[in-house]
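Okay, structure first, notes after.
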Amino acid sequence: MPEGDTVYRTAEHLNAVLAGRVLTACDIRVPKFATVDLTGETVEGVISRGKHLLMRVGGFSIHSHLKMEGTWHLYRPETRWRKPAWQARAILKTEDWMAVGFELGLLEVVPREAEDSVVGYLGPDLIGPEWDADEAVRRLASDPLREIDVALLDQRNLAGLGNVYANELCFLRGVLPTRPVGEVPKLDAVVALAHRLITANRDRVERTTTGDMRPGRMLWVYGRGGQPCRRCGTRIESGKLGATELSLRDTYWCPHCQT
1010 MPEGDTVYRT
1020 AEHLNAVLAG
1030 RVLTACDIRV
1040 PKFATVDLTG
1050 ETVEGVISRG
1060 KHLLMRVGGF
1070 SIHSHLKMEG
1080 TWHLYRPETR
1090 WRKPAWQARA
1100 ILKTEDWMAV
1110 GFELGLLEVV
1120 PREAEDSVVG
1130 YLGPDLIGPE
1140 WDADEAVRRL
1150 ASDPLREIDV
1160 ALLDQRNLAG
1170 LGNVYANELC
1180 FLRGVLPTRP
1190 VGEVPKLDAV
1200 VALAHRLITA
1210 NRDRVERTTT
1220 GDMRPGRMLW
1230 VYGRGGQPCR
1240 RCGTRIESGK
1250 LGATELSLRD
1260 TYWCPHCQT
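In the numbering used here, the protein residues as written are 1010 to 1268.
Structure below.
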């Protein structure tokens, strides 16, 4: 699933070509909102909120979440699409551009004043202009028995982190992903590092937590099960971790560097 930095870039690209433009066509291909037509309305802007996208058009917001397969593409008129038309869930046209949302995991249209009904539950947005580190720490600390990896991924605590960042943060702070939040020292340092990492990566396609941009050198532990730790040489271990059976995800750690 795309993480907050990826969604941020998507919003930036969409906003650059849509903001201030009038929609010349609007096709929402979700049954509940199929009759919605915002043609003639002006796009005020496109913003990200954690892993969510909000396109503010007239008095409405088009709310989307990419989930696993979703993407937004930008095309010039008459340009051939890179994905089949049957996968399109939203088509928004201006005089010069076409924004097409493919395989969106969630797509809905809500009144602007009702945005909180779809994203109001989210914790502080790591890349947002109103980032609140103290509130993020408070939310993380509110459930001291919860595994730190699971707590970091809970968007109600802080919005934007995905599995890659959660794994890498646990390694960089030297804690096992299964360690209870209440036993993690300096939660404020964990939150500060999360903000620093995702902010540093938000403007580039290739994400790195090691500072090394060479292929195969960009991450410490994520996706490296069975390979030697870059710090100590111990074999990276992997397993499954999640809040529920349905939310289990791959988790990676160094048994020597993380305790």
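For every residue, glycine included, the Cβ atom is placed at its ideal position computed from N, Cα and C.
Helix, strand or coil at E1156 [DSSP, three-state]: Start at 1 with the first residue of the sequence shown, and residue 1156 comes out as number 147. Reduced to three states, the DSSP call for E1156 is strand.
Could you tell me the distance, in whole angstroms, from the CA atom of A1097 to the CA atom of K1041? Within the sequence shown, numbered from 1, the residue matching residue 1097 stands at position 88. Within the sequence shown, numbered from 1, the residue matching residue 1041 stands at position 32. Cα-Cα distance, rounded: 15 Å.
Find out if the Cβ-Cβ distance for the pair A1175, N1166 is shorter than 8 Å. Translated into the one-based positions of the sequence shown, residue 1175 becomes position 166. Translated into the one-based positions of the sequence shown, residue 1166 becomes position 157. No, they are not a contact pair.
Whole angstroms is fine: what's the gap from P1237's alpha carbon to E1177's? The residue given as residue 1237 occupies position 228 in the sequence shown. The residue given as residue 1177 occupies position 168 in the sequence shown. Their Cα atoms are separated by approximately 15 Å.
State yes or no: is the C-beta of G1059 within less than 8 Å of the C-beta of A1168? As a working mapping, residue 1059 is identified with position 50 in the sequence shown. As a working mapping, residue 1168 is identified with position 159 in the sequence shown. Yes; because the gap between Cβ atoms is below 8 Å, this pair is in contact.
Comparing C-alpha positions only, which one of A1201, F1111, R1065 sits nearest to V1055? Reading the sequence shown from its first residue, position 46 is the one you call residue 1055. Comparing Cα positions, the closest option is R1065.
Give a yes or no on whether the C-beta atoms belonging to M1107 and P1086 are separated by under 8 Å. As a working mapping, residue 1107 is identified with position 98 in the sequence shown. As a working mapping, residue 1086 is identified with position 77 in the sequence shown. Their beta carbons are under 8 Å apart, which means M1107 touches P1086 by this criterion.
Could you pull the DSSP bridge partners for K1102 from this structure? Taking the sequence shown and counting its residues from 1, the one referred to as residue 1102 is at position 93. DSSP lists A1034, M1107 as partners of K1102.
F1180: first and last residue of the uninterrupted alpha helix (DSSP H) it sits in: Translated into positions along the sequence shown, residue 1180 becomes position 171. DSSP places F1180 in the uninterrupted alpha helix (DSSP H) bounded by 1172-1181.
Among R1223, R1211, G1137, T1187, which residue has its Cα nearest to the Cα of L1063? The residue labelled residue 1063 in the question sits at position 54 within the sequence shown. Nearest option by C-alpha distance: G1137.
Going by the DSSP bridge assignment, what does Y1231 pair with across the sheet? Here residue 1231 is taken as the residue at index 222 of the sequence shown, counted from 1. Per DSSP, none; premise fails for Y1231.
For the 8 Å Cβ check, are there 3 or more pairs between the stretch 1068-1084 and the stretch 1015-1025? Output reads yes: the stretch 1015-1025 touches the stretch 1068-1084.
N1210 to R1216 span [Cα, whole Å]: As a first step, residue 1210 is located in the sequence shown; it is residue number 201 there, counting from the start. As a first step, residue 1216 is located in the sequence shown; it is residue number 207 there, counting from the start. Inter-residue distance for N1210 and R1216 is about 6 Å (C-alpha atoms, whole angstroms).
Measuring alpha carbon to alpha carbon, tell me which of R1188, L1131, K1102, P1153 ends up nearest L1170. Taking the first residue of the sequence shown as position 1, residue 1170 is located at position 161. Ranking the options by Cα distance to L1170, first place goes to L1131.
Hey, I1207 and V1118: beta-carbon distance below 8 Å or not? Within the sequence shown, numbered from 1, the residue matching residue 1207 stands at position 198. Within the sequence shown, numbered from 1, the residue matching residue 1118 stands at position 109. Taking 8 Å as the Cβ cut-off, I1207 and V1118 do not qualify as a contacting pair.
My output table needs one value for G1248: the three-state DSSP class, helix, strand or coil. Start at 1 with the first residue of the sequence shown, and residue 1248 comes out as number 239. G1248 falls in the strand class under three-state DSSP.
V1271 - DSSP class collapsed to helix/strand/coil: This structure cannot speak to residue 1271, because the chain is shown only from 1010 to 1268.
Skipping 5 residues on each side, what residues in its chain have a beta carbon closer than 6 Å to that of H1275? Limits of the chain in this structure are 1010 at one end and 1268 at the other, which puts residue 1275 out of reach.
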